[in-house]
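Asker: I have a structure here, written as structure tokens, and I will follow up with some questions on it.
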Amino acid sequence: MKPVIALTKGRLEKQFLEFFEGLGYEVEPLLEKGRKLQIETKEFSFFFAKGVDVTTYVENGIADIGVVGGDILIEHQPDVFNLFPLPFGHCRMALATKRDYQWPERKKRIASTFTNITKSYFKGKGESVDIIKLEGSVELAPILGLADAIVDIVETGTTLKENGLVIEDEFLSFSARLIANRSSLKIKRDQLVPVIERFREGARNE
Amino acid sequence: MFLPAGSQDETGVQISNRLRASEIFRQVTKKRNFQQISTPVVEYAQTFTNEVAGMDLHSMLKWFNGEGEIEVLRPDWTAAIARAIAGQHPSKQKWSYQGSVFRFDKEDTESRQAGIEIVHADRFFGEAESLLTAVAYLKHLNIEDYVIELGHTGIFDALIAPFTFSKQEEAELLKAMHDKRSDLVEEIVVTAGNAELAKPLMALIDAYGSRDIMEQYRNRWSDRDDLTEILTHIDKLIDLLEASGVTEVIVDLGRVKNLPYYDGIMFRGFLTIDGSTCFSGGRYDRLYKQFELITSAVGLAFDVDVLATQMEPEKEPEKICIIASPETHAIAEEFRIEMEEQVVDIQYELKNQTSYHTIYQVVVENSQYKVVEK
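Quick note, the sequences are listed as chains C and L, same order.
Residues in the first sequence are numbered consecutively from 185, following the working numbering.
Residues in the second sequence are numbered consecutively from 148, following the working numbering.
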């Protein structure tokens with residue numbers, strides 16, 4: 185059976201395909217996939233899913249290896265081998281709020297998709313905050329008065345800027361990472377190690 | 148009514164296989180002279196969270212009792228058994244157990260285990276007997292496609308021993324090794340001022356595979372008696388397994404303990420078909436130090452739920468139905484008792500004819516009740 189690779193759709197997809205092509209692998213079926221979520225190439229079976237779902241599929245052994253953002257791995261702590269960083273998908277985690285915002289004297293309200301990262305960040309600072317979980321467009325929260333600030337990933341900072349937000353602090357940086365199922369890596373070693381090593385070599389050369 | 152997440156009812160093949168797996172385990176361990184032990188489902192949290200056992204309270208199902216002490220549903224057998232048998236006479240060495248463990252951090256809150264503990268015995272004997280019991284049990288279940296993996300906590304411990312790490316750094320390093328996260332391993336050792344350890348540890352992450360890898364590390368560690376002794380130990384166990392007909396044995400020299408009380412050899416069984424872990428265990432002498440016992444302790448536990456999903460369904464015996472009535476039920480029962488090999492059902496009204504191989508009915512002939520084929 186061919187190795188099964190789970191890929192994060194969206195932000196990381198295009199960057200992965202460029203990286204993957206650079207390693208000399210066949211990418212045409214992936215480029216021409218249209219709306220299909222499962223693609224077969226000569227060497228691999230691929231499927232595309234949301235980042236956090238990639239970790240779930242790999243953890244449960246549906247995929248042998250996966251490509252996912254480091255932010256997702258820190259937030260959700262899946263039980264997988266978290267092998268090494270890949271040379272794309274770079275971003276930072278930042279605390280951002282409205283320009284010249286006067287912090288209230290009460291406990292702060294922080295909106296984020298990354299509630300565990302937010303909790304750990306403020307715990308590290310020794311500060312108690314209330315965290316509001318949002319599923320997306322977190323930049324709206326300070327603007328509309330739902331929260332005092334947000335914790336979110338920043339790539340270029342353009343979205344923050346366009347919504348009148350400024351970075352107060354940057355505290356983590358990430359890239360995409362290669363993950364592997366704990367059993368697959370051992371029992372499909374002969375199939376997976378050559379691929380993993382090619383990824384590692386490619387990551388080292390960039 | 149609904150069930151909480153992580154709980155489930157069982158019917159059909161799954162429960163039939165699970166009960167069969169349990170019964171076969173009882174027979175296999177009884178024949179190998181293990182004594183059965185059962186500990187209560189409710190224990191003090193302290194049994195599992197104390198400094199030696201070191202388990203995480205977060206993942207346990209817990210509550211306060213009337214005295215304000217934290218009680219839990221048993222999250223682990225080994226720590227519970229250690230508490231129970233620490234006071235037993237040392238001549239009692241081989242114990243077997245079966246029952247549920249409860250954890251929040253697993254997909255199923257309740258999982259069923261069947262396991263063995265061998266205490267106060269010669270170290271190699273305990274490990275060999277544990278592994279061979281696992282092999283015998285899998286054979287009795289007709290599960291043939293599996294891989295046994297061996298690792299040893301002493302390798303990582305010996306490599307980091309000459310270096311200084313804070314408790315937190317060591318815990319982070321252990322986690323990074325557990326995740327085979329090479330970049331973080333490098334970062335932690337370099338930040339701690341132990342850069343020369345980066346290369347050996349990063350290489351160790353990839354030291355898994357067939358036993359051929361042992362030779363490579365025997366050369367690499369030729370000046371380290373402590374490490375070559377561990378390799379020799381693992382080699383002896385592989386020889387034993389191979390001599391017992393196990394062909395798929397792998398090693399992971401970079402494996403670190405995932406429970407704080409592990410202290411030596413670690414074993415794990417993977418089912419080839421889907422990679423699921425069907426058993427795990429190892430040595431944990433240090434668990435008995437909390438009871439002021441300097442002794443040897445080793446064991447392993449099977450995940451009976453995993454085994455049940457892989458077992459072939461039981462061959463269905465001949466199924467017979469006897470049509471009776473309130474007046475003839477006792478006659479039908481008498482007939483049923485005579486048929487020891489078959490499944491015999493009694494019905495007053497035949498509802499599903501196709502589910503039986505043969506159907507009988509109780510009739511009256513010459514003023515006497517008689518059971519005849521319909």
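Virtual Cβ for every residue (Gly too), placed ideally from N, Cα, C.
Bear in mind that the values here come from a model prediction, so they are computed numbers and not experimental data.
To test your reading of the DSSP string, which unbroken beta strand (DSSP E) runs of 3 or more residues are found completely within the region 230–278 of chain L?
Answerer: Runs of the beta strand (DSSP E) inside the region 230–278 of chain L: 241–249 and 257–266.
Asker: If you check the beta carbons only, do residue 398 (chain L) and residue 355 (chain L) fall under 8 Å apart?
Answerer: Along the second sequence, read from residue 1 onward, the residue named residue 398 (chain L) stands at position 251. Along the second sequence, read from residue 1 onward, the residue named residue 355 (chain L) stands at position 208. Closer than 8 Å, so yes.
Asker: Considering only residues of the same chain and omitting the five flanking positions on each side of residue 521 (chain L), which have a CB-CB separation below 8 Å?
Answerer: The residue given as residue 521 (chain L) occupies position 374 in the second sequence. Contacts found: 470, 506, 507 and 508.
Asker: Can you find a CB in chain L that lies within less than 8 Å of the CB of residue 321 (chain C)?
Answerer: Here residue 321 (chain C) is taken as the residue at index 137 of the first sequence, counted from 1. Chain L contact via Cβ: absent.
Asker: Under 8 Å, Cβ to Cβ, is there at least one residue of chain L near residue 368 (chain C)?
Answerer: For the purposes of this step, residue 368 (chain C) is taken as residue 184 along the first sequence, with counting starting at 1. By this cut-off, residue 368 (chain C) is an interface position.
Asker: Are the C-beta atoms of residue 389 (chain C) and some chain L residue less than 8 Å apart?
Answerer: Your numbering for residue 389 (chain C) matches position 205 in the first sequence. It does not; no Cβ of chain L falls within 8 Å.
Asker: Helix, strand or coil for residue 336 (chain C)? Go by DSSP, reduced to three states.
Answerer: As a working mapping, residue 336 (chain C) is identified with position 152 in the first sequence. Strand, per DSSP.
Asker: Looking at the unbroken alpha helix (DSSP H) that takes in residue 274 (chain C), where does it start and where does it end?
Answerer: Here the question's residue 274 (chain C) lines up with position 90 in the first sequence. Residue 274 (chain C) -> no alpha helix (DSSP H), and no H or E assigned at all.
Asker: Hey, could you find the ends of the alpha helix (DSSP H) residue 417 (chain L) is sitting in?
Answerer: Translated into positions along the second sequence, residue 417 (chain L) becomes position 270. From DSSP, residue 417 (chain L) is part of no alpha helix (DSSP H) but of the beta strand (DSSP E) over 412–418.
Asker: One question on the structure: do residue 281 (chain L) and residue 426 (chain L) come within less than 8 Å of each other, judged by their Cβ atoms?
Answerer: Indexing the second sequence from 1 puts residue 281 (chain L) at position 134. Indexing the second sequence from 1 puts residue 426 (chain L) at position 279. Yes, these two residues count as a Cβ contact at 8 Å.
Asker: Since I believe residue 430 (chain L) is in contact with residue 412 (chain L) (beta carbons under 8 Å), could you give me their beta-carbon distance rounded to a whole number of angstroms?
Answerer: As a first step, residue 412 (chain L) must be located in the second sequence, where it is residue number 265. As a first step, residue 430 (chain L) must be located in the second sequence, where it is residue number 283. At roughly 5 Å, the Cβ-Cβ gap stays under 8 Å, so residue 412 (chain L) and residue 430 (chain L) are in contact.
Asker: Within the region 221–287 of chain C, note down every full beta strand (DSSP E) run reaching 3 residues or more, in order along the chain.
Answerer: Counting only runs of 3 or more, we get 222–224, 229–233, 249–253, 265–269 and 275–282.
Asker: Mapping the DSSP letters down to three states, classify residue 503 (chain L) as helix, strand or coil.
Answerer: The count along the second sequence starts at 1 and reaches residue 503 (chain L) at position 356. Residue 503 (chain L) falls in the coil class under three-state DSSP.
Asker: Which residues mark the beginning and the end of the alpha helix (DSSP H) in which residue 329 (chain L) is found?
Answerer: Taking the second sequence and counting its residues from 1, one reaches residue 329 (chain L) at position 182. Looking at the DSSP string, the run of the alpha helix (DSSP H) that includes residue 329 (chain L) is 329–338.
Asker: Note the first and the last residue of the continuous beta strand (DSSP E) segment covering residue 293 (chain C).
Answerer: As a working note, residue 293 (chain C) is residue 109 in the first sequence. Unbroken beta strand (DSSP E) run through residue 293 (chain C): 292–296.
Asker: Terminal residues of the continuous alpha helix (DSSP H) containing residue 302 (chain L)?
Answerer: For the purposes of this step, residue 302 (chain L) is identified with residue 155 of the second sequence, where counting begins at 1. From DSSP, the alpha helix (DSSP H) with residue 302 (chain L) extends over 300–307.
Asker: Contact defined as beta carbons within less than 8 Å: I believe residue 281 (chain C) pairs with residue 213 (chain C). What is the distance between those atoms, to the nearest angstrom?
Answerer: Residue mapping note: residue 281 (chain C) aligns to position 97 of the first sequence, counting from 1. Residue mapping note: residue 213 (chain C) aligns to position 29 of the first sequence, counting from 1. Not a contact, Cβ separation roughly 45 Å.
Asker: Output needed for residue 384 (chain C): all residues of its chain with C-beta closer than 7 Å, excluding positions within five of it in sequence on either side, in chain order.
Answerer: The sequence position of residue 384 (chain C) within the first sequence is 200, counting from 1. So the list reads 268, once near-sequence residues are dropped.
Asker: Rounded to whole angstroms, what is the Cα-Cα separation between residue 216 (chain L) and residue 463 (chain L)?
Answerer: Residue 216 (chain L) sits at position 69 when you count from the first residue of the second sequence. Residue 463 (chain L) sits at position 316 when you count from the first residue of the second sequence. Rounded to whole angstroms, residue 216 (chain L) to residue 463 (chain L) spans 50 Å at the Cα level.
Asker: Thinking C-alpha only, which one of L:487, L:406, L:320 and L:466 is nearest residue 201 (chain L)?
Answerer: Reading the second sequence from its first residue, position 54 is the one you call residue 201 (chain L). Comparing Cα positions, the closest option is L:406.
Asker: Any idea if residue 329 (chain C) is buried or exposed, counting beta-carbon neighbours within 10 angstroms, 16 or more meaning buried?
Answerer: Here the question's residue 329 (chain C) lines up with position 145 in the first sequence. The residue is exposed, with fewer than 16 neighbouring Cβ atoms inside 10 Å.
Asker: Within 8 Å (strictly less), CB to CB, does residue 187 (chain C) reach chain L?
Answerer: Sequence index remark: in the first sequence, residue 187 (chain C) carries index 3 (1-based). Answer no: the Cβ-Cβ gap between residue 187 (chain C) and chain L never drops below 8 Å.
Asker: For residue 185 (chain L) and residue 263 (chain L), I'd like the C-alpha separation in whole angstroms.
Answerer: In the second sequence, counting from the first residue as 1, residue 185 (chain L) sits at position 38. In the second sequence, counting from the first residue as 1, residue 263 (chain L) sits at position 116. Straight-line Cα distance between these residues: approximately 12 Å.
Asker: Buried or exposed, going by whether 16 or more other CB atoms sit within 10 Å of the CB of residue 339 (chain C)?
Answerer: For the purposes of this step, residue 339 (chain C) is taken as the residue at position 155 of the first sequence. So residue 339 (chain C) ends up on the exposed side.
Asker: For the region 382–395 of chain L against the region 432–447 of chain L, do three or more pairs of beta-carbon atoms, one drawn from each stretch, fall closer than 8 Å, so that the two count as touching?
Answerer: Result no; under three Cβ-Cβ pairs closer than 8 Å.
Asker: Just the C-alpha distance for residue 253 (chain C) and residue 196 (chain C), rounded to the nearest angstrom, thanks.
Answerer: Indexing the first sequence from 1 puts residue 253 (chain C) at position 69. Indexing the first sequence from 1 puts residue 196 (chain C) at position 12. Near 8 Å, if we compare the C-alpha coordinates of residue 196 (chain C) and residue 253 (chain C).
Asker: Tell me which residue opens and which closes the beta strand (DSSP E) that residue 306 (chain C) is part of.
Answerer: Working through the first sequence from its first residue, we reach residue 306 (chain C) at position 122. Where residue 306 (chain C) is concerned, there is no enclosing beta strand (DSSP E), although the alpha helix (DSSP H) it sits in stretches over 299–309.
Asker: If residue 239 (chain C) and residue 257 (chain C) are in contact, beta carbons under 8 Å, what's the gap, nearest whole angstrom?
Answerer: For the purposes of this step, residue 239 (chain C) is taken as residue 55 along the first sequence, with counting starting at 1. For the purposes of this step, residue 257 (chain C) is taken as residue 73 along the first sequence, with counting starting at 1. Indeed, because the Cβ distance is near 7 Å, the residues count as touching under 8 Å.
Asker: For the structure I just gave you, are there three or more beta carbon pairs, one from the region 444–451 of chain L and one from the region 274–292 of chain L, closer than 8 Å?
Answerer: Taking 8 Å as the limit for Cβ pairs, the verdict is that the region 274–292 of chain L does touch the region 444–451 of chain L.
Asker: Count Cβ pairs between the region 310–320 of chain C and the region 357–374 of chain C that sit closer than 8 Å; are there 3 or more?
Answerer: The region 310–320 of chain C is not in contact with the region 357–374 of chain C.
Asker: Is residue 431 (chain L) helix, strand or coil by DSSP?
Answerer: Indexing the second sequence from 1 puts residue 431 (chain L) at position 284. Of the three classes helix, strand and coil, the one that applies to residue 431 (chain L) here is coil, per DSSP.
Asker: By the three-class DSSP mapping on this structure, what secondary structure does residue 403 (chain C) have?
Answerer: A query on residue 403 (chain C) cannot be resolved here, the shown segment of chain C reaching from 185 to 390 and no further.
Asker: Going along the chain, which unbroken runs of the beta strand (DSSP E) with 3 or more residues stay wholly within the region 438–471 of chain L?
Answerer: Qualifying beta strand (DSSP E) stretches, in chain order: 444–450 and 466–470.
Asker: Rounding to the nearest angstrom, what Cα-Cα distance links residue 386 (chain C) and residue 452 (chain L) in this structure?
Answerer: Residue numbering aside, residue 386 (chain C) sits at position 202 when the first sequence is read from its first letter. Residue numbering aside, residue 452 (chain L) sits at position 305 when the second sequence is read from its first letter. One C-alpha to the other measures close to 41 Å.
Asker: Given residue 225 (chain C), which residues of its chain have a CB within under 6 Å of its CB, disregarding the five upstream and five downstream residues?
Answerer: By one-based count along the first sequence, residue 225 (chain C) stands at place 41. So the list reads 210 and 213, once near-sequence residues are dropped.
Asker: Which residue or residues does DSSP assign as beta-bridge partners of residue 362 (chain C)?
Answerer: Taking the first sequence and counting its residues from 1, one reaches residue 362 (chain C) at position 178. DSSP, once it has assigned bridges, lists C:251 and C:268 as partnering residue 362 (chain C).
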